[in-house]
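Structure first, then comments.
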Amino acid sequence: MPGNCRLQKSSIKQNISTRETTFLIYREIERNLMVTQLL
């Protein structure tokens with residue numbers, strides 16, 4: 035049982051990091067779009 039709990043925790047941590055990465059990528063795309071609009 036403890037091993038299963040640890041696995042769940044690590045998967046939650048992985049999910050959060052994936053969401054953060056996606057958020058950062060979106061911010062980069064947004065910034066690039068703003069730059070192209072200025073040009």
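Following my numbering, the residues of the sequence shown are numbered contiguously, the last one being 73. Ideal Cβ positions, reconstructed from N, Cα and C, are used throughout, including at glycine. In this text, all values refer to a predicted model and were calculated from it rather than measured experimentally.
How long is the line joining the alpha carbons of residue i and residue j, rounded to whole angstroms?
{"i": "residue 52", "j": "residue 44", "result": "12 Å"}
{"i": "residue 56", "j": "residue 62", "result": "10 Å"}
{"i": "residue 70", "j": "residue 54", "result": "24 Å"}
{"i": "residue 41", "j": "residue 50", "result": "14 Å"}
{"i": "residue 64", "j": "residue 58", "result": "10 Å"}
{"i": "residue 38", "j": "residue 47", "result": "14 Å"}
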